[in-house]
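What follows is a short report on a single structure.
Protein chains in written order, with the working numbering: chain A, 70 to 300; chain B, 16 to 667.
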């Protein structure tokens, strides 16, 4: 396994130290920055495979850093570290281009698992068929197979599922989903997303009442899990 | 969730909605009030008008009675005129006195008495052979001079006035044809002017002399001369004379018109209109006349009869209107109120407020009351003004209420934002050390092999985070107590140097690190202050904390204590980032830091300076700041000395 680079932008020295030690022990090459400006410079200076970004940063806050990095066309996964439990802040971050978030105080195991998931996915992002759980989505044929048997999907459901699969592991806001799957021109609400998710769950989940793949993030949106064992 | 989205979306422009609400609360009711006011004013005007109409309603029957009386008098006057004189004279009298535009007279038996057609005289004198000879000469042989001589002979030879007159007339005719017009004129005027011819009628029953005079006028070349005028005057007199000898109405009308034509309008014939109207009336089918004013059969002409039916008066519609208007134009009505009579089958004017039947004498006619439009009465005005004032007061009251409500809402909103800030700050400031500790603990617990050096490192870091957490919680708690006004101070005499020493001690190691050079300057002879030592130390530690946080490594901090103007001052200077003038004004507000900037240069909750200020005030002192952006700041805490203020105030 080639060495992966992680850039951590965090102003709290203790937290930074802990994160650095952990990621290094997992075999990552770690770069760090202590404030928003330095972090942005570091992100633009050289490629990195993952970005851990604190939101409350001196000089330049995390939202701005996120926006500027995405504005530069950099597409590495960004995980926000946020102490703000308020949903609108998380939604704001996700809509500015972050892929996921953890709220402080977080479990380092969970954070590492997410980081691994993001990095693994980047390796097989170009496949024609996308397996998850006991299902497989054929992107070329627009077909879903569950244990070998085809499950009919509506066009909307297919697009939603494909969108989920391409962004497995990422926290997705309802607005993001609406814009990508329904398009901006149509006047629909988050309820439409919820309805479509319900029908999709009935088709792909082993137990729709305890979803394994499409997980609801309360007050934010959804996260799609491929259903592999956690690292 | 979508609702929540909407809410958070709206939250970004939250400064606007109280204003919008106020607008709604004010604008819509204002519009309603204005509409209502408009209606009220309109109704009030109508009501005022109605009241006026009611007030004048009583007048209309009175006016009607007046009109009835008037027409009765007119009828009686007609009857009197008819009784007094023969019909032509009565006609002339009625017309000349203006009783009617024209009249038609009947005799006691109901037969038409004037205007009457010509009566062909009976027993015309026989014309002899000589007449025949003369006519032959005149017409067959076309010898007017000879014919004239023959007619002259006839005139002289007869003793019958009628024959003589006709012969003279024929003679004049022939003379005119022969070219001797002057002679003809003389004959027509002078010779025929003799009194014996005055009553002579021609075979059609017309007055011969009058025709002769007209003929003379026609023959006269000079129509400006005195002779012409004299003859014209005489003819005018004759046609105006309704006494005997009776001139047929048709001849009279003809003469009058010719006279007017020949004199080019100079002749005065006042009764021509009446004659023509009467003639037209008699020619047309006419309904029976009675005492009431009824259509006469002629368009626009009205008729009524005198009590015994001897005279039927004819009145033009305009004349009726004028007379009625003159009768009802009484001084009892104010000048701006007008009463008009409206003929049957005519629409009353739009502004007419009240219509009343014209009464028995004017069937179908109506009396209408016209009030001036757009000028309501004074009472109505006063009422309207009252309404306007009420509306203005309501609107003003509403505006005041709306402003007050908007103010309350905005204050509430600001409070909510403050609470949110507090929440965000608390969660961030508390969670960051917590997550550091958790991270380090987790890492240590899960480490496969123990590395002593790293473990010691982590434990040290955890201890630091722990201290930071305690300090933060202390600050939150003291702020919370301050907010509730609960904190009690224990005052005792404290030397300022002691406070400085304890503050530096509490500040910890970092002030002794290479990253920081702390100087403490304690002036000699500074008197002790009456203060709560712990509180003052907290305040100074907060100032030192700030100085440290907002300066870069290699910072130089100076802590000085000195006496000044009866105050003991503790000043903390740094060479850090400094404050903008705008920030200087706000720096003591709670949560100022997070309120303004999400990017902070350092940790903290934005409460430190608020706490310092509170402590200073509790000691009757104050805290002030001098700062230059980029150069550094000096915060000075000044407390009155014991000697200047024997008893420092006990905190509220």
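Note that the Cβ used here is the ideal one computed from N, Cα and C, for glycine as well.
Treat the numbers as computed from the prediction; the structure is a model and nothing was measured.
With a threshold of 8 Å between beta carbons, is residue i in contact with chain A?
i: residue 485(B); result: no
i: residue 453(B); result: yes
i: residue 458(B); result: yes
i: residue 649(B); result: no
i: residue 450(B); result: yes
i: residue 443(B); result: yes
i: residue 470(B); result: no
i: residue 480(B); result: yes
i: residue 52(B); result: no
i: residue 447(B); result: yes
i: residue 476(B); result: yes
i: residue 652(B); result: no
Within a Cβ cutoff of 8 Å, which residues of the same chain sit near residue i, ignoring the five residues on either side of it in sequence?
i: residue 73(A); result: 96, 97, 98, 118, 119 and 188
i: residue 286(A); result: 240 and 292
i: residue 202(A); result: 273, 275, 281, 282, 295 and 296
i: residue 476(B); result: 451 and 455
i: residue 274(B); result: 229, 232, 247, 250, 251, 254, 282 and 284
Just the C-alpha distance for residue i and residue j, rounded to the nearest angstrom, thanks.
i: residue 640(B); j: residue 600(B); result: 9 Å
i: residue 516(B); j: residue 540(B); result: 16 Å
i: residue 121(B); j: residue 102(B); result: 7 Å
i: residue 156(B); j: residue 167(B); result: 18 Å
i: residue 88(A); j: residue 106(A); result: 20 Å
i: residue 651(B); j: residue 505(B); result: 22 Å
i: residue 141(A); j: residue 147(A); result: 14 Å
i: residue 553(B); j: residue 522(B); result: 10 Å
i: residue 132(B); j: residue 290(B); result: 12 Å
i: residue 431(B); j: residue 441(B); result: 15 Å
i: residue 278(B); j: residue 259(B); result: 26 Å
i: residue 551(B); j: residue 644(B); result: 27 Å
i: residue 437(B); j: residue 444(B); result: 10 Å
i: residue 656(B); j: residue 422(B); result: 42 Å
i: residue 156(A); j: residue 245(A); result: 15 Å
i: residue 470(B); j: residue 460(B); result: 10 Å
i: residue 330(B); j: residue 320(B); result: 11 Å
i: residue 81(A); j: residue 104(A); result: 9 Å
i: residue 169(A); j: residue 631(B); result: 46 Å
Could one say the Cβ of residue i lies closer than 8 Å to chain B's Cβ atoms, at least one of them?
i: residue 84(A); result: yes
i: residue 173(A); result: yes
i: residue 87(A); result: yes
i: residue 91(A); result: yes
i: residue 149(A); result: no
i: residue 45(A); result: Not covered by the structure: residue 45(A). The range shown for chain A is 70 to 300.
i: residue 177(A); result: yes
i: residue 125(A); result: yes
i: residue 245(A); result: no
i: residue 81(A); result: yes
Taking the DSSP output, what are the residues bridged to residue i?
i: residue 207(A); result: 198(A) and 212(A)
i: residue 570(B); result: 531(B)
i: residue 117(B); result: 329(B)
i: residue 544(B); result: 509(B)
i: residue 303(A); result: One cannot answer for residue 303(A) here, as it falls past the ends of chain A, which runs 70 to 300.
i: residue 126(A); result: Looking at the DSSP assignment, residue 126(A) forms no beta bridge with any residue, so it has no partner.
i: residue 649(B); result: 588(B) and 641(B)
i: residue 579(B); result: 582(B)
Residue i and residue j look like a contact to me (Cβ under 8 Å); what is the Cβ gap, rounded to whole Å?
i: residue 232(B); j: residue 250(B); result: 7 Å
i: residue 653(B); j: residue 582(B); result: 4 Å
i: residue 446(B); j: residue 152(A); result: 4 Å
i: residue 85(A); j: residue 101(A); result: 6 Å
i: residue 575(B); j: residue 536(B); result: 4 Å
So, for residue i: in the same chain, excluding its five sequence neighbours on each side, which residues have a beta-carbon less than 6 Å away from its beta-carbon?
i: residue 301(B); result: 312
i: residue 271(B); result: 254, 284 and 287
Might you give, ordered along the chain, the residues of its own chain that have their beta carbon closer than 7 Å to the beta carbon of residue i, omitting 5 neighbours on each side?
i: residue 647(B); result: 588, 589, 590, 591 and 593
i: residue 268(A); result: 226
i: residue 202(B); result: 183, 186, 187 and 190
i: residue 249(A); result: 232
i: residue 629(B); result: 497
Does the ligand NAP have even one heavy atom less than 7 Å from the beta-carbon of residue i?
i: residue 254(B); result: The ligand NAP is absent from the structure shown, which contains no ligand whatsoever.
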